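Trainee: Protein chains in written order, with the working numbering: chain X, 6 to 145; chain C, 6 to 145.
Backbone N, C-alpha and C define an ideal beta-carbon position, used for all residues, glycine too.
In this text the structure is predicted, and so the values were computed from the model without any measurement.
Input: one structure, supplied below.
Protein chains: 2
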Amino acid sequence: MQDKLITTLKNNGYSLTKTRQALFSALLSGKPRTMRELTLDLASVMDRASIYRTVALFEELGIVVRVQQGWKYKVELSDKFSPHHHHLNCTQCGKILSFNEPAGFEKIINNLAEAHLFHLSGHTLELQGLCHNCQTKPTA
Amino acid sequence: MQDKLITTLKNNGYSLTKTRQALFSALLSGKPRTMRELTLDLASVMDRASIYRTVALFEELGIVVRVQQGWKYKVELSDKFSPHHHHLNCTQCGKILSFNEPAGFEKIINNLAEAHLFHLSGHTLELQGLCHNCQTKPTA
DNA sequence: ATATTTTTGCAAATATGTCGCAATTCGTGC
DNA sequence: GCACGAATTGCGACATATTTGCAAAAATAT
Chain X
6 MQDKLITTLK
16 NNGYSLTKTR
26 QALFSALLSG
36 KPRTMRELTL
46 DLASVMDRAS
56 IYRTVALFEE
66 LGIVVRVQQG
76 WKYKVELSDK
86 FSPHHHHLNC
96 TQCGKILSFN
106 EPAGFEKIIN
116 NLAEAHLFHL
126 SGHTLELQGL
136 CHNCQTKPTA
Chain C
6 MQDKLITTLK
16 NNGYSLTKTR
26 QALFSALLSG
36 KPRTMRELTL
46 DLASVMDRAS
56 IYRTVALFEE
66 LGIVVRVQQG
76 WKYKVELSDK
86 FSPHHHHLNC
96 TQCGKILSFN
106 EPAGFEKIIN
116 NLAEAHLFHL
126 SGHTLELQGL
136 CHNCQTKPTA
């Protein structure tokens, strides 16, 4: 997977640096991270500004995407670097579960796009709710 | 539609004030707005802090929702105040088409949430692509 | 190893979001 | 319409998040 990172960077005229590697590694687990989490985790490795710059660059190159979570967003590897999926966001504890393209979903949106003469290039599907844990706990 | 706003406020023990009216009006067009747009548009009418407070209140009362649009969030009237819909975003000209819940969609996500022990409270579905016009034009 | 170009760290500037409190506005009863 | 208590707002001060300029450091090509 590192290979793909290098390729993507080189192809676009960017070099592989320690900081870019570090950010990439931090995201490899697959868990979406808030900027705050990233800056805390990577504080010893790179400057806050560099994190922002690198995330922005990665987003431009399609290496990462930002997923919305209520008011905040989290950063995660894009579909190119981790399998295409969607999210179940727990509105209480902030946990994010991932799930694959549901059966029949593709067909539905394709029909839809066709009906509107759209040529689809991508889509996002985010579900909000309470995870199992938070359903039993009282509202914090 | 103003009626519904008043009712919602009264039912929850809040009063209709100029600022609440102003924010509501600003959103009536149906277009999602960033906080920045709102603070700029309403600068002459109300204070920044009040906008945040009012948006928060409106969200609590289910009058507005914050939706992902690009990477920042935007505020728009909730389904209760404007019909539930989703968006087709043209990545070239920025046009946004709205469409209703596709048939079969509800069932799919309900099954999914159930499988993950989630209790759904909402969802977002955004499609990206090229609108009819932009498909024929050269890349700008 | 050196020159050239890119990238980073640092510190300062902006932007975004919150908070406490006095001043104002709202809804109500007269 | 006026007076009153309660709810709401504006203001200024914070706290946090994000961006920017620029000199120093790291990467690339020779």
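Whose Cβ in chain C lies nearer than 8 angstroms to the Cβ of Ala118(X)?
Mentor: Going along chain C in sequence order, the residues near Ala118(X) (Cβ under 8 angstroms) are Leu93, Leu132 and Gly134.
Trainee: Three-state secondary structure (DSSP) at Val70(C)?
Mentor: Three-state DSSP puts Val70(C) in a strand.
Trainee: Leaving out five residues on either side along the sequence, give the residues of the same chain with a beta carbon under 6 angstroms from the beta carbon of Leu132(C).
Mentor: If we look at Leu132(C) and ignore the five residues flanking it on each side, its Cβ neighbours are Leu93.
Trainee: So, does the CB of Leu28(X) fall closer than 8 angstroms to a CB anywhere in chain C?
Mentor: Output row for Leu28(X): interface = no.
Trainee: Hey, Asn37(X) and Ile101(X): beta-carbon distance below 8 angstroms or not?
Mentor: Residue identity differs from the one stated: residue 37(X) is Pro in this sequence, not Asn. Against a cut-off of 8 angstroms, the Cβ pair of Ile101(X) and Pro37(X) comes out as a contact.
Trainee: Under 9 angstroms between beta-carbons, which chain C residues line up against Pro107(X)? List them in chain order, please.
Mentor: Within chain C, the residues near Pro107(X) are Ile113, Ile114, Asn116 and Leu117.
Trainee: Can you tell me the Cα-Cα spacing of Glu106(C) and His91(C), whole angstroms?
Mentor: If you take the alpha carbons of Glu106(C) and His91(C), they lie about 7 angstroms apart.
Trainee: Three-state secondary structure (DSSP) at Asn94(C)?
Mentor: Strand.
Trainee: How about the region 47–57 of chain C and the region 23–36 of chain C: do they share at least three Cβ pairs that are nearer than 8 angstroms?
Mentor: They touch, by the three-pair rule.
Trainee: Of all the beta strand (DSSP E) runs that stay within the bounds of the region 14–80 of chain C, which reach a length of 3 or more residues?
Mentor: Qualifying beta strand (DSSP E) stretches, in chain order: 69–74.
Trainee: Which residues in chain C have a C-beta closer than 9 angstroms to the C-beta of Thr129(X)? List them in chain order.
Mentor: Those are Gln73, Thr129, Leu130, Glu131, Leu132 and Gln133, listed as they occur along chain C.
Trainee: Among the residues of its own chain, which have a CB less than 8 angstroms from the CB of Thr12(C), if the five just before and after it don't count?
Mentor: Same-chain partners within the cutoff: there are none.
Trainee: Keeping to the same chain, check which residues put their C-beta closer than 8 angstroms to that of His128(X); ignore five residues upstream and five downstream.
Mentor: Correct list, in chain order: Ile114.
Trainee: Where do the ends of the alpha helix (DSSP H) carrying Glu131(X) lie?
Mentor: Note, Glu131(X): premise wrong, no alpha helix (DSSP H); beta strand (DSSP E) at His124 to Leu135.
Trainee: Counting only Cβ pairs nearer than 9 angstroms, list the residues of chain C close to His90(X).
Mentor: Going along chain C, no residue has its Cβ under 9 angstroms from His90(X), so there is no contact; the nearest lies around 12 angstroms.
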